[in-house]
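Remarks on the structure that follows.
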Amino acid sequence: MMSLESRERTLADYARIALTLPGTHLPWLVQGRNAALERFAQSGYPTVRDEDWKYTNVSRIERQAFVALTAADADVEGADALLQSLAPDREAGHWLVFVNGRYAPALSRLQPLPDGVVLGSLEQALTQAPEPLQPYLIDRAGQTVFGELNTAFMADGAWLHVPRDTVITQPIHLLFLTTQSGVAIYPRNLLVAESGARATVVEHYAGVENAAYLTNAVTQIFTAGNASIEHYKLQQESAQAFHIAGIHAQQKQDSSVESHSISLGALLTRNDITTRFDATGCEVTLNGLYLVGGRQHVDNHTRVDHASPSGTSNEYYRGVMDGASRAVFNGKVIVHPGAQKTNAHQSNHNLLLSREAEVDTKPQLEIYADDVQCTHGATIGQIDDEQRFYLRSRGIEDAMAQSLLVHAFAHDVIERIRLQSLRQRLEQILFARLPQGERIRELT
Amino acid sequence: MLEIKNLQVQVEQKPILQGLDLTVNAGEVHAIMGPNGSGKSTLAQVLAGRDNYEVTGGSVEYLGKDLLALAPEIRAREGVFLAFQYPVEIPGVSNVYLLKAALNNVRKHRGLQELDAFEFMKLMKEKMKLMEMKQELLYRSVNEGFSGGEKKRNEILQMAMLEPKLAVLDETDSGLDIDALQIVAKGINALRSPERSIIMVTHYQRLLDYVVPDFVHVLSKGKIIKSGGKELALELEERGYGWLEPGADANKAASAGARATA
């Protein structure tokens, strides 16, 4: 059996590198890693018989037998060129660059930060000042099987701690660049905002052309009372890569989390984005865009646990599928008993550009309180013939008319991105992807 | 300008136009009237190139070319303009993008230079003033959230920008209050010229009070059954369409007429 073999292989891979991982001197961490690995050993990789993985077959990942990298194996060649193409002028904001999963200080640029802010490499923190990480790092909220593997294998990532009432005005960019094939990268990012703190974090994943690798990333977000984290993930992995990511937030009173997840690259993408309202008055925004073609597969699973009253969640996902690509959307909203005055709105809209493209979308509301306002909706459609004809009747050729309509559909998510530099960058990416994009750019 | 001969069109196997003949010369304004289901809108859509109408016979010659062989966008660039009965809403595509793209394509096709941003805005503002449209509508998505009157005015605005040779107005008067009707009529009249032909498809006579046609045709069951001057529209207003229907006998028609005038 494939899954048994691949499970053994993963366990052996862990045995091979365990001693090279950071924090071997920390009993709580070693225990946490071992316990996570043990849970993986019990469950194995998910199969399509698991409800949450029904439409996403990960056996392709298992077959590739990606191996974890030790610090000694990690190579930084090719990273410079990739970085130049993605972010040539790393001026505004703070830039932490990770190459093949390891922090690359020479490529990173940090601006001065407010007093008390900690921003840096998780590996360094685990080596030098691990205590503050303990309560968060082994928390399992939202974790999938891949999340367990991330806990076992995590070697580096970003660690951000924003103290009380502190605002980081410039965005923090985390760039994860992969240049090697055959490897598995396990980035772990930990973002903690104390009461009244605010920060904006952009995670950006990319790989060199045609490199085949696995990114298995986890980001944990903790917002204390009134804190606010604006989080963006831009996934532009190589066309042969696999990208599995968990973003798991836990929110205290009146805190706010905004998540924008943009999936463009990778052969297979799976995002699990979750949040839990642990106190009243929390807000979350979950926005997403996926643009896929060829044989790409993208799966977005989101879950909002309204575990306390007076919370608001707004979710807005849109996708454009071309070629023989496939998209999966599953949006779970759970309004727990007693979570009165909950406001939960969710929508997922899909635009299919080819007959071979497929989408499975499933909004899932479970409501155990009575004084709530919840809406959800999902649509799957093609380019509207009426709109297309209208544009053509004004002298616009068919290809351009279709491009304009696809642009309009996708742009609806992009314009919700408040971070201007990223919004502009995405607009450029969208123009570059569309036939006639250059002409649309000239019009706008 | 336009010569339609024995045009036969069907939709989903159902014959709609059944041998329609119509000649429109440069500078003429023709009104096509007729009861619901007579094929008026089909004619308008077929002229613009809508693809779910199947032409099963006949020909349409436009400025010496076989119009039916041209893609809708080429027809538009060659100077055919359709003002839609139900203008389509296009979220995310702003009016100004649409007009810029459309005008540039049309000008290029005619061997003219594209307008620069300044010239474009100047022209745009002038035409919006003519149509009494608020400038903010420029930056809104095409027809999205527009009132019925705004949509129709927007159609005429596009027509004014694109300066077609042959304008086909499909029930442009429907759903308009009297003020909007006057504005729309003003826009259409401003475009009347010896080089331009206009076909107005309408159910009612009231638009024709403001835009006076040179010819009026009655369409019934996919054919033009009567043609005349502008006074024919008044007669139709008075007597309805019944007296013209094939098979209506003279007595019945006369008594219907008598009732209507009594």
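Protein chains in written order, with our numbering: chain A, 190 to 633; chain B, -16 to 245.
Heads up, the beta-carbon is just placed ideally off N, CA and C, and yes, glycines get one too.
Since we're looking at a predicted model, the values are computed, not measured.
For residue i, three-class secondary structure by DSSP
i          : result
A/Gln591   : helix
B/Ala237   : Confidence in B/Ala237 is poor, its pLDDT being 44 and thus under 50, which makes the residue's placement too unreliable to answer from.
A/Arg238   : coil
A/Arg552   : Residue 552 of chain A is actually Pro in this sequence, not Arg. A/Pro552: strand per DSSP, three-state reduction.
A/Phe255   : coil
B/Asp160   : coil
A/Phe466   : strand
B/Met246   : The requested residue 246 of chain B does not occur in the structure, where chain B is confined to residues -16 to 245.
B/Ala243   : Residue placement at B/Ala243 is flagged as unreliable, the pLDDT there being 40, under the threshold of 50; a coordinate-derived value is accordingly withheld.
B/Gly75    : strand
A/His449   : strand
A/Gln625   : coil
B/Val195   : coil
A/Asn399   : coil
A/His362   : strand
B/Gly22    : coil
A/Leu215   : coil
B/Leu50    : helix
B/Glu(-14) : strand
B/Lys204   : coil
A/Tyr203   : helix
A/Ile606   : coil
6 angstroms CB neighbourhood of residue i in its chain, flanking five on each side removed
i        : result
B/Ala163 : Gly132
A/Gln562 : Asn532
A/Ala430 : Gly396, Tyr402 and Ala455
A/Lys243 : Val237
A/Lys551 : Asn519
A/His534 : Asn503 and Thr564
Assigned exposure category for residue i - 16 Cβ within 10 Å defines buried
i          : result
A/Gly566   : exposed
B/Ser130   : exposed
B/Ser77    : buried
B/Ile161   : exposed
B/Ala237   : Low per-residue confidence applies at B/Ala237: pLDDT is 44, beneath 50, and the placement is therefore not dependable, though the value from the model is reported in the following sentence. It counts as exposed.
A/Tyr506   : buried
B/Tyr45    : buried
A/Tyr375   : buried
B/Phe256   : Residue 256 of chain B is absent from the model: chain B starts at -16 and stops at 245.
A/Glu320   : exposed
A/Thr484   : Contrary to the premise, residue 484 of chain A reads as Arg rather than Thr in this sequence. Exposed, because fewer than 16 other Cβ atoms sit within 10 Å of the Cβ of A/Arg484.
A/Thr368   : buried
A/Gln332   : buried
B/Glu172   : Before going on, a small fix: residue 172 of chain B reads as Asn here, not Glu. Label assigned to B/Asn172: exposed.
B/Leu(-10) : buried
A/Glu545   : exposed
B/Lys(-3)  : exposed
A/Gln439   : buried
A/Arg252   : exposed
A/Asp461   : buried
Beta bridge counterpart(s) of residue i as assigned by DSSP
i        : result
B/Glu37  : B/Gln(-7)
A/Asn378 : A/Thr408
B/Ser180 : B/Leu149
A/Asn460 : A/Ala434 and A/Asn489
B/Phe64  : B/Ala150
B/Pro55  : For B/Pro55, which the question treats as bridged, DSSP gives no partner whatsoever.
A/Asp494 : A/Arg465 and A/Ile523
A/Thr501 : A/Glu472 and A/Asn532
B/Thr185 : B/Met16
A/Ile418 : A/Ala388 and A/Val446
Cβ-based neighbour list, residue i, same chain, cut-off 7 angstroms, excluding 5 preceding and 5 following
i          : result
B/Glu11    : Ser180, Asp197 and Phe198
B/Gly170   : Leu113, Met114, Ile139 and Ala143
A/His596   : Leu619, Leu623 and Ile629
A/Glu616   : Ile603
B/Lys(-12) : Asp4, Gly41 and Ser42
B/Ala233   : Residue confidence for B/Ala233 is low, a pLDDT of 48 falling below 50, so the modelled location carries little weight and cannot support an answer.
Nonlocal neighbours in the same chain, by C-beta distance under 8 angstroms from residue i, ignoring five residues either side
i        : result
B/Asn251 : This structure gives no information on residue 251 of chain B, because the portion of chain B shown stretches from -16 to 245.
B/Arg189 : Asp156 and Leu164
A/Pro187 : Any property of residue 187 of chain A remains undetermined from this structure, which presents chain A solely from 190 to 633.
B/Ser203 : Gly17, Pro18, Ser21, Tyr224, Leu227, Glu228 and Pro229
Anything in the stretch 137 to 151 of chain B with a Cβ closer than 8 angstroms to a Cβ of chain E? List those residues in chain order, please.
Among the chains of the structure shown, chain E does not appear; the protein chains present are A and B.
Give, in chain order, every unbroken run of the alpha helix (DSSP H) that is at least 4 residues long and sits entirely within the stretch 80 to 130 of chain B.
DSSP runs (the alpha helix (DSSP H)) wholly in the stretch 80 to 130 of chain B: 100 to 113.
Those runs of the alpha helix (DSSP H) which lie wholly inside the stretch 522 to 585 of chain A and span at least 4 residues
574 to 581
Complete alpha helix (DSSP H) runs within the stretch 302 to 358 of chain A (minimum length 4 residues, chain order)
311 to 317, 323 to 326 and 334 to 342
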